[in-house]
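What follows is a single structure, written as structure tokens, with notes after it.
Protein chains: 2
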Amino acid sequence: MALINDSFLRALRREPTEHTPVWLMRQAGRYLPEYNATRKRAGSFLKLCKTPELACEVTLQPLERFPLDAAILFSDILTIPDAMGLGLYFADGEGPKFERPVRDEAAVAALAVPDPGAELRYVTDAVRTIRQALSGRVPLIGFSGSPWTLACYMVEGGGSSDFRAVKTMLYKRPDLMHRILAINADAVAAYLNAQIEAGAQAVMIFDSWGGALSDRAFQEFSLAYIRRVLASLHTEREERVAGESGEMVSQRVRVPSIVFTKGGGLWLEQIAGSGCDAVGIDWTLGLGEARARVGAQCAIQGNLDPMALMAAPEQVQAEAIRVLESYGTPSPGEGHVFNLGHGISQFTPPENVSALLEAVQTFSRKQRASQVSAPSL
Amino acid sequence: MALINDSFLRALRREPTEHTPVWLMRQAGRYLPEYNATRKRAGSFLKLCKTPELACEVTLQPLERFPLDAAILFSDILTIPDAMGLGLYFADGEGPKFERPVRDEAAVAALAVPDPGAELRYVTDAVRTIRQALSGRVPLIGFSGSPWTLACYMVEGGGSSDFRAVKTMLYKRPDLMHRILAINADAVAAYLNAQIEAGAQAVMIFDSWGGALSDRAFQEFSLAYIRRVLASLHTEREERVAGESGEMVSQRVRVPSIVFTKGGGLWLEQIAGSGCDAVGIDWTLGLGEARARVGAQCAIQGNLDPMALMAAPEQVQAEAIRVLESYGTPSPGEGHVFNLGHGISQFTPPENVSALLEAVQTFSRKQRASQVSAPSL
């Protein structure tokens, strides 16, 4: 199905767009009353993730409200370790936990790459269902946690503030750590390829905990395995698109990849050079500086502080415009996708999201129009 | 009293030292059984902080065990807001909390700079007691939280993972935020000056939550107020030192300052240019890069990942040597103080601290000796 709004994919391919395309990490989530209603109906968060029709329903909810330029698969970051048999569960009021964390040599030896067509079939089914429901309105993003980020949860058995268990293994038994990461990398690649096969039009790797690593450990234990995933990705997929005379024809289209290391601003050039099409940036790095450092290596996605959405609507708009001004107007061969620097907070007033999107689309359109008519061009 | 080991102060003044001086953030703490015994005897953590003799006892404990090159005042980061009347308390198994968080205009209007000679007298008493007990073995570091970091706790009412309350105020009511920060800056300056007056030979500002801010917000809401503190510090104090013929004479000595913004690697040059004598660095930034970026602007302190201390002693030593190699040997006008990139974990085996210090002192001595005899000099 031909895309009606492909501005997001064009920005990732670093082709010109009329405005800065925008989507929001965790855009289908608890700040939306309709999401909470569906989740309640599902009975649990995991049930919501594992039922393709419900995952499709919540994926589309933010698109009904807001003029977003992309949809992102609704799923959990920990589907892979769950499929490995670690027993994912959610304790009331706490984050995700695993019944059987990977703490010793025997547990590491027992790990294997799950079959995305079997244990993770519910995810590819959701991708197919969502693609159909989207009808080409906007592209669908697939995603996975990075090998290192998955390892953090697998070894810690849940969230952590100091990463003591996983870092103890890293420093004490780097051989075990590398074994886990190699399996995770193969699992993430197979998982993302299955999502691409099922219809994902772009993929994003969330390296949420890469920023907890030291310089040197980041390159060795996170970035090296992100590279391995990227090198194994099927970067093209067959799509039915409108041919020159309007008939539908098959065409190979590129599936761009985005890598987002939270707290990875110091390693920006290295991440941008990992083989991805775009690098996600959190709010600690100004986009002007990011753009100067990345150059024409890849596109940039980011980076409003999600907490800026807690202010009044006109203040939210002023902050969004500051982000756009900080980036400037993309030159030929550059691309910018507007996003938050992290997932949207569950406490965000939905009307502030409307205000944000309006500011991004209106202001960036003006920015680009004035750029085109500038005497210097 | 003349200092027996002044390597720490010399490194901060960027004068040559025979080895890389070393101390550890939170070196007096729960990883030491003798600390836990004193704390138990005190009855509570706050009682321990507020009783100068006990604070002195635990400050000296790590120096009895390890050949550390500096002592740091044992105290809490939240003494200032406690002295402001916010009601600091520690709930069992949780971090610090305030009974009366600063959430609205009225609470902000009621804030005032506490008198370090009155409400915070127990801190300056502890400094005096510790100086006497140290007898000049090593210098004593005084410290405070940064204005922004104190504001985080004051507005949140405790720790936070998303800083929602304090950032909502920042984005929605920047006027209130600036008012709190101005008061905090004056309070921190008065507090550190009182510590210097009482005998602190260096001071450190812990900007533990500066890294949670966006670029632009960091400069406006954290760094600007750190600058304000530094500009108000009494950078010299009167010390009794040995004169040329051995008799004790009074001398003005410089009191160097260290600024540590956790997660502040992206803003390194700006922090180094804030007026401090040294900048603290966490493990996300390689010391080689840090040194190149800071140049001869100020000294550098850091940056081993505290979790590296969870490995076997020989692995701890290998990691320490990597940090030293990453820095290299200081050129004239440069200085390096070895430290962790954050506080030592309560789960650290004390024998690993011995192994660490031995590696730092032995290896850095060799490094410097070989540098001196190198043909290039």
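If you read the sequences in order, they're chains B and H.
Using our numbering, you'd call the opening residue of the first sequence number -6 and step up by one each time.
Using our numbering, you'd call the opening residue of the second sequence number -6 and step up by one each time.
Yeah, the Cβ is synthetic: ideal placement off N, Cα and C, and Gly gets one too.
Here the structure is a predicted model, which means the values were calculated and not measured.
- According to the DSSP assignment, Met197 (chain B) belongs to the beta strand (DSSP E) that extends over Ala195 to Asp200.
- Annotation: Asn186 (chain H) to Glu46 (chain H) spans about 21 Å, alpha carbon to alpha carbon.
- One thing to note: Cys49 (chain H) has its Cβ no nearer than 9 Å to the Cβ of Thr117 (chain H).
- Not a single C-beta of chain H is nearer than 9 Å to the C-beta of Trp16 (chain B).
- Interface residue (Cβ-Cβ distance to chain B less than 9 Å): Arg124 (chain H) is not classified as such.
- From the listed residues H:Pro55, H:Leu163, H:Lys33 and H:Trp141, the smallest Cα separation to Ala301 (chain B) is found for H:Leu163.
- Going by DSSP, Ala187 (chain B) is part of the alpha helix (DSSP H) stretching over Pro167 to Ala191.
- Ranked by Cα distance from Gly135 (chain H), the first of H:Ile189, H:Leu206, H:Tyr115 and H:Tyr82 is H:Ile189.
- Around the beta-carbon of His329 (chain B), 16 or more other beta-carbon atoms lie within 10 Å, marking it buried.
- Within the DSSP secondary-structure output, Arg245 (chain H) pairs in a beta bridge with H:Glu231.
- With 16 or more other CB atoms across the displayed protein chains lying within 10 angstroms of its CB, Asp208 (chain B) is buried.
- Using a Cβ-Cβ cut-off of 9 Å, Thr161 (chain H) counts as an interface residue toward chain B, since at least one Cβ of chain B sits closer than that to its own.
- An exposed status is given to Gln125 (chain H), since fewer than 16 other beta-carbon atoms sit within 10 Å of its beta-carbon.
- Along the segment 138 to 171 of chain B, the positions whose C-beta sits under 7 Å from a C-beta of chain H are Asp155, Phe156, Arg157, Lys160, Thr161, Tyr164 and Lys165, read in chain order.
- Against chain B, a Cβ distance below 8 Å from Gln360 (chain H) picks out nothing, because the smallest value is about 19 Å.
- Spanning the alpha carbons of Gly150 (chain B) and Leu71 (chain B) requires a straight line of approximately 11 Å.
- At a cut-off of 9 Å between beta-carbon atoms, Leu25 (chain B) makes no contact with chain H.
- For the segment 265 to 294 of chain B, the continuous alpha helix (DSSP H) assignments of 4+ residues that do not extend past its boundaries occur at 280 to 287, in sequence order.
- Annotation: the continuous beta strand (DSSP E) that includes Asn332 (chain H) extends over His329 to Leu333.
- When DSSP states are grouped into helix, strand and coil, Val148 (chain H) belongs to the helix group.
- Counting only the Cα atoms, Gln263 (chain H) lies some 8 Å from Leu216 (chain H).
- When Cβ-Cβ separations below 9 Å define contact, Asn296 (chain H) makes contact with chain B.
- Neighbours of Glu312 (chain H) in chain B, taken as residues whose beta carbon is under 8 Å from its own, are Tyr164 in chain order.
- Where Leu41 (chain B) is concerned, the enclosing alpha helix (DSSP H) starts and stops at Phe38 to Lys43.
- The CB of Leu259 (chain B) comes closer than 7 Å to the CB of Gly258, Leu259, Thr277 and Leu278 in chain H, given here in chain order.
- Leu169 (chain H) sits away from Tyr218 (chain H), with the two beta carbons spaced by 9 Å or more.
- Pairing Ile176 (chain B) with Val131 (chain B) gives a Cβ-Cβ distance that is not under 9 Å.
- Scanning chain B for C-beta atoms nearer than 7 Å to the C-beta of Gln308 (chain H) yields Tyr164 and Lys165, reported in chain order.
- Residue contact with chain H for Pro299 (chain B): present (Cβ-Cβ distance below 9 Å to some residue of chain H).
- For Val252 (chain B), the enclosing beta strand (DSSP E) starts and ends at Ser250 to Thr254.
- Taking 9 Å as the CB threshold, Phe340 (chain H) lines the interface with chain B.
- At least one beta carbon of chain H lies nearer than 9 Å to the beta carbon of Ser207 (chain B).
- Look at the segment 47 to 77 of chain H: it has no residue with a C-beta under 9 Å from a C-beta of chain B.
- Secondary structure at Ala64 (chain H): strand, using DSSP grouped into helix, strand and coil.
- When beta bridges are read from the DSSP output, Tyr82 (chain B) appears opposite B:Lys90.
- One finds Thr161, Tyr164 and Lys165 in chain H with Cβ atoms closer than 8 Å to the Cβ of Ala304 (chain B), taken in chain order.
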